[in-house]
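K.L.:
My structure is below; once you've seen it, I'll send some questions.
Number of protein chains: 4
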Amino acid sequence: MHVQEMLRTHPHVRGNVNDALLRCIEHCFDCAQACVVCADACLGENKIELLKQCIRLNMDCADLCAATGNLASRRTGTNEAVLRMALQLCAEACRACGEECRRHADKHEHCRICAEACRACEAACREAAGTITPRH
Amino acid sequence: MHVQEMLRTHPHVRGNVNDALLRCIEHCFDCAQACVVCADACLGENKIELLKQCIRLNMDCADLCAATGNLASRRTGTNEAVLRMALQLCAEACRACGEECRRHADKHEHCRICAEACRACEAACREAAGTITPRH
Amino acid sequence: MHVQEMLRTHPHVRGNVNDALLRCIEHCFDCAQACVVCADACLGENKIELLKQCIRLNMDCADLCAATGNLASRRTGTNEAVLRMALQLCAEACRACGEECRRHADKHEHCRICAEACRACEAACREAAGTITPRH
Amino acid sequence: MHVQEMLRTHPHVRGNVNDALLRCIEHCFDCAQACVVCADACLGENKIELLKQCIRLNMDCADLCAATGNLASRRTGTNEAVLRMALQLCAEACRACGEECRRHADKHEHCRICAEACRACEAACREAAGTITPRH
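Residue numbers (this note's numbering), protein chains in the order written: chain F, 59 to 194; chain G, 59 to 194; chain E, 59 to 194; chain C, 59 to 194.
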């Protein structure tokens, strides 16, 4: 993956790298992808009606993780208050999706793995949010 | 535009329409599009270095408005706490982007119109957020 | 909606408006939104197993319509060959999704409306693609 | 990254894994992220006017790579003709963006890395497209 390497050469990041944020960006994109697959894998299972809520939370989580990953990747200028809120929101979406996935983890391997991706992303977002100090 | 009509026939919305939320969804998508165009229009202006921050805020706002519009469009299940936070975050992103656009409004007509789209979306998000009561 | 107005003030569009492309951009975003709602509305229906394919095609169509709408909204520089291919691909995605939605149109009003949005977007994409002449 | 592992447990993929497609999905998301960072890093450089076209191609490439990665991640049902076209389009967008990035590679390290991500994604998309046989 090139994103870490890319960010380290960004003119506004060079020499001032926030490792927690960089890790978080990777988790956001990883979790977005896991959720897209989990939604589709759930659609392919036999008892979909039990997985409705999982599918929907997957889609919400995928949208928010992707948007947050993009936001956190942009380092020109300052939009720190919005970025911190986005990281906190993303953590909440991951928590909700991860909890639902965990309920199906013993039946569906994809739900187990997705729950893992969500938990890791939630932790990374909370840690990264703690490093952002909005300027006033 | 079909989105209002679509949502009114959604099995979980029929007979229980939240007009503030429906209006907000339209504003989110409208503002996302305005921001995509404004970023590109700014790139086409002569003094881009003065518009750097505008372009970046446009891209952040576009990503968050699109994600929020998608979230608010999904009505199966319940993810109300996350939706309310997303609406509040979207309002903040619109505020930041709208303020920056307004600074260039007398020079660039696209910034003036984009500022208008941002302001309308911010208001719609705040109003819609007020109608969402997370269940516990 | 502000997108038309925005594009007419874009420094690279002013005085050289491609009306077919502008209409197409609106249809792309409209269809993307209709598909997001239709996927979720389908998830809320009783016999989801009959709507699996509809949900998946909705999600594919939503992703491609949104990406194509964004591409077509960017007018700085020249990426015409890619834009024309994107419009053609988007038309195909709309055709596939619209056909599937039409199969459920008599049972589900949201599928009927979504089929309509897809058909309109397909036509607009084909018309717009015809106006794009890649430079070599 | 969880996406490979996720896809291998998808009910419609298990025991029938297309390795070229799986690799391609990873490249699509990797390239999308590299392009988002490159656009923003370019905005942070001194002579932005020389990087306008790079920024725009980055944004187009990011949108198409993300959409193609999502499409290719959905394996329920059959939408093979659309998927193959999307892979071919994505390859073209990567080619265009990679070529432009390469022009700035000696000045900007992020452009050099992004060109590499684009080239790898282009190759992966062409290979994956060759493995997709649309059914009629």
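Just so it is clear, CB atoms sit at the ideal spot from N, CA and C, and this is done for glycine as well.
Counting only beta-carbon separations shorter than 8 Å, does Ala154 of chain F have a partner in chain G?
P.N.:
Working through the first sequence from its first residue, we reach residue 154 of chain F at position 96. Interface residue, yes.
K.L.:
Could you say if the stretch 185-192 of chain G and the stretch 158-170 of chain E meet the contact criterion of at least three C-beta pairs nearer than 8 Å?
P.N.:
No contact exists between the stretch 185-192 of chain G and the stretch 158-170 of chain E.
K.L.:
Output, in sequence order along the chain, the residues in the stretch 145-178 of chain G whose CB is closer than 8 Å to any CB in chain E.
P.N.:
Per Cβ criterion, the list reads His166, Glu167, His168, Ile171, Cys172, Glu174, Ala175.
K.L.:
Does the beta-carbon distance from His168 of chain F to Thr67 of chain C come in below 8 Å?
P.N.:
Counting from 1 along the first sequence, the entry for residue 168 of chain F is found at position 110. Counting from 1 along the fourth sequence, the entry for residue 67 of chain C is found at position 9. Result yes, Cβ atoms of His168 of chain F and Thr67 of chain C sit closer than 8 Å.
K.L.:
Compute the Euclidean distance between the alpha carbons of Ala151 of chain C and Asn74 of chain G, then round it to the nearest angstrom.
P.N.:
If you number the fourth sequence from 1, residue 151 of chain C lands on position 93. If you number the second sequence from 1, residue 74 of chain G lands on position 16. Going from the Cα of Ala151 of chain C to the Cα of Asn74 of chain G covers about 44 Å.
K.L.:
Hey, is Glu107 of chain C's beta-carbon within less than 8 Å of any beta-carbon in chain G?
P.N.:
Looking up residue 107 of chain C in the fourth sequence gives position 49. Answer yes: the Cβ-Cβ gap between Glu107 of chain C and chain G drops below 8 Å somewhere.
K.L.:
Cα separation between Leu122 of chain C and Ala139 of chain E?
P.N.:
Looking up residue 122 of chain C in the fourth sequence gives position 64. Looking up residue 139 of chain E in the third sequence gives position 81. So the two alpha carbons sit approximately 14 Å from each other.
K.L.:
Can you look up Met59 of chain C in the DSSP assignment and give me helix, strand or coil?
P.N.:
Residue numbering aside, residue 59 of chain C sits at position 1 when the fourth sequence is read from its first letter. Coil at Met59 of chain C, not helix or strand.
K.L.:
For the candidate residues G:Val95, G:His70, G:Ala125, G:Ala99, whose alpha-carbon lies nearest to that of Gly102 of chain E?
P.N.:
Residue numbering aside, residue 102 of chain E sits at position 44 when the third sequence is read from its first letter. Nearest C-alpha to Gly102 of chain E: G:His70.
K.L.:
Can you name the residues of chain E whose CB is closer than 8 Å to the CB of Arg114 of chain F?
P.N.:
Walking along the first sequence from the start, residue 114 of chain F turns up at place 56. What Arg114 of chain F touches in chain E: Asp98, Leu101.
K.L.:
Would you verify that the beta carbon of Ala7 of chain F is, or is not, closer than 8 Å to some beta carbon of chain G?
P.N.:
Since the first residue of chain F shown is 59 and the last is 194, residue 7 of chain F is not available in this structure.
K.L.:
Strictly under 8 Å for the Cβ-Cβ distance: is Ala181 of chain F near chain G by that measure?
P.N.:
As a working note, residue 181 of chain F is residue 123 in the first sequence. False, the Cβ-Cβ gap to chain G never drops below 8 Å.
K.L.:
What do you get for Asn128 of chain F, buried or exposed, if any count of 16 or more other CB atoms within 10 angstroms of its CB means buried?
P.N.:
By 1-based counting over the first sequence, the position of residue 128 of chain F is 70. Buried, by the Cβ-count rule.
K.L.:
Which two residues bound the contiguous alpha helix (DSSP H) that contains Thr67 of chain F?
P.N.:
Residue 67 of chain F sits at position 9 when you count from the first residue of the first sequence. Unbroken run through Thr67 of chain F: none, as it is neither H nor E.
K.L.:
Excluding the five sequence neighbours on either side, which residues of its own chain have a C-beta within less than 6 Å of the C-beta of Ala154 of chain G, listed in chain order?
P.N.:
The sequence position of residue 154 of chain G within the second sequence is 96, counting from 1. Leu115.
K.L.:
Considering Cα atoms alone, identify which of G:Phe87, G:Glu107, G:His60 is closest to Ala178 of chain G.
P.N.:
In the second sequence, the residue the question calls residue 178 of chain G occupies position 120. Of the listed residues, the one whose Cα sits closest to Ala178 of chain G is G:Phe87.
K.L.:
Does any C-beta atom of chain E lie closer than 8 Å to the C-beta of Met143 of chain C?
P.N.:
Numbered from 1 along the fourth sequence, position 85 holds the residue referred to as residue 143 of chain C. For Met143 of chain C, the answer is yes, since a Cβ of chain E falls inside 8 Å of its Cβ.
K.L.:
Name the chain E residues that come within less than 7 Å of Asn128 of chain C, Cβ to Cβ?
P.N.:
Along the fourth sequence, one-based indexing puts residue 128 of chain C at 70. Correct list: Asp121.
K.L.:
What number of angstroms, rounded off, separates the C-alpha of Ala175 of chain C from the C-alpha of Asp164 of chain E?
P.N.:
On the fourth sequence, position 117 is the one that residue 175 of chain C refers to. On the third sequence, position 106 is the one that residue 164 of chain E refers to. About 47 Å.
K.L.:
Compare the C-beta of Met59 of chain C against all C-beta atoms of chain F and say whether one is closer than 8 Å.
P.N.:
By 1-based counting over the fourth sequence, the position of residue 59 of chain C is 1. True, the Cβ-Cβ gap to chain F drops below 8 Å.
K.L.:
Does Met117 of chain G get closer than 8 Å to chain F when you measure Cβ to Cβ?
P.N.:
Locating residue 117 of chain G in the second sequence gives position 59, counting from the first residue. So yes, Met117 of chain G belongs to the interface.
K.L.:
Using the beta-carbon count (16 or more within 10 Å), is Asn137 of chain E buried or exposed?
P.N.:
In the third sequence, residue 137 of chain E corresponds to position 79, counting from 1. Its Cβ being crowded by 16 or more others within 10 Å, Asn137 of chain E is buried.
K.L.:
Check for me: the alpha helix (DSSP H) holding Val140 of chain F runs from which residue to which?
P.N.:
Here the question's residue 140 of chain F lines up with position 82 in the first sequence. Counting along the chain, the alpha helix (DSSP H) containing Val140 of chain F begins and ends at 138-161.
K.L.:
Excluding the 5 residues flanking Ala120 of chain F on each side, which residues of the same chain have their C-beta closer than 6 Å to its C-beta?
P.N.:
Along the first sequence, one-based indexing puts residue 120 of chain F at 62. Within the same chain, Ala120 of chain F has close Cβ partners Ala90, Cys93, Val94.
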